[in-house]
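The structure appears below as structure tokens.
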Amino acid sequence: RPLRTVARLLLWLLIAAGALRLVAWLILHQAILPHIEQWRSPIEARASRALGVPVRIGGIAVRTDGWLADVELRDVALLDAGQRPALQLPRVLATISARTLLSLHMNFEQLRIESPQLELRRDRAGRVFVAELDITEANDGRVLDWFLRQRDVGVSGGSLRWTDESRAVAPLSFSDVQFRARNGLVEHEVQ
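Numbering (the working numbering), first residue to last: -13 to 177.
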């Protein structure tokens, strides 16, 4: 008898979880995605809070395929303290699902960044700047925490310039940078 009660409880919990996921999917595909342009300001605000710097998005488009939705962001800019673009991303493709929507964080199934041009610099004091945004202290590790919550992150066709002012060496430049990180529950894989 106790085993039957536990089995019933587990069955109801599974049904409730499935119903919650279905409701999240319906909200995503019926209320949010068809009106994605109206959500640009809240998306910018949420991204700004998550990254600790102002974020501006030039354009948003959506493609849906079953449980997944691809949100394409064009001309994404992270702004510096003077509200000037410090980092510009021409195209970002984020795949979201009902599961990622239920996480209540800005998480994605996949995140693809195409053709970013990135300047990294370490000053004499050891602070690290990404496109003149100080990532050493400004965000208290929020960017790394956010990155490690993403399931699959990829960068293609990027260029990278590393300047290390703490050492007297010439800057390093890389082109056609390809990067992929997969984050699981207990392990992280980087290619």
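Just so you know, even glycine gets a beta-carbon here, dropped at the ideal spot from N, CA and C.
Between which residues of its own chain and residue i is the CB-CB distance below 7 Å, once the five residues before and five after are set aside?
i, result
"residue 66", "72, 118, 119"
"residue 150", "108"
"residue 30", "41, 42, 43"
Do you know whose CA, among the options, lies nearest residue i's CA?
i, options, result
"residue 95", "57, 146, 61", "57"
"residue 50", "33, 18, 69", "18"
"residue 62", "173, 47, 20, 121", "47"
"residue 173", "122, 163, 137", "137"
"residue 80", "70, 60, 36", "60"
Residues in its own chain within less than 8 Å of residue i by CB, not counting five upstream and five downstream?
i, result
"residue 23", "46"
"residue 162", "143, 144, 145"
How many whole angstroms separate the CB atoms of residue i and residue j, which I take to be in contact at a CB cut-off of 8 Å?
i, j, result
"residue 146", "residue 171", "Between residue 171 and residue 146 the Cβ distance is about 29 Å, and since that is not below 8 Å, they are no contact."
Closer than 6 Å by C-beta to residue i: which residues in its own chain qualify, once you throw out the five before and the five after it? Chain order, please.
i, result
"residue 175", "168"
"residue 34", "40, 41"
Is residue i close to the ligand MG? I mean its beta-carbon at under 7 Å from any heavy atom of the ligand.
i, result
"residue -1", "With respect to the ligand MG, the structure shown offers nothing to examine, as it has no ligands at all."
Item to complete: Output the residue ranges of the beta strand (DSSP E) runs that lie fully inside the region 22 to 50 and measure 3 residues or longer, sorted by chain position.
Response: As far as the region 22 to 50 is concerned, it has no whole beta strand (DSSP E) run of at least 3 residues.
Worksheet item: Counting Cβ pairs closer than 8 Å, one from the region 134 to 142 and one from the region 93 to 105, do we hit at least three?
Response: Under the 8 Å Cβ criterion, the region 134 to 142 counts as touching the region 93 to 105, having at least three qualifying pairs.
Discussion item. Across the region 33 to 41 and the region 1 to 9, are there enough close Cβ pairs to call them in contact, namely three or more that are closer than 8 Å?
Written reply: No, because fewer than three Cβ pairs between the region 33 to 41 and the region 1 to 9 fall closer than 8 Å, the two stretches do not touch.
Fill in: Within the region 109 to 154, ranges of the beta strand (DSSP E) (whole runs, at least 3 residues)
Counting only runs of at least 3 residues, the region 109 to 154 fully encloses the following beta strand (DSSP E) elements, listed from N- to C-terminal order: 114 to 116, 138 to 150.
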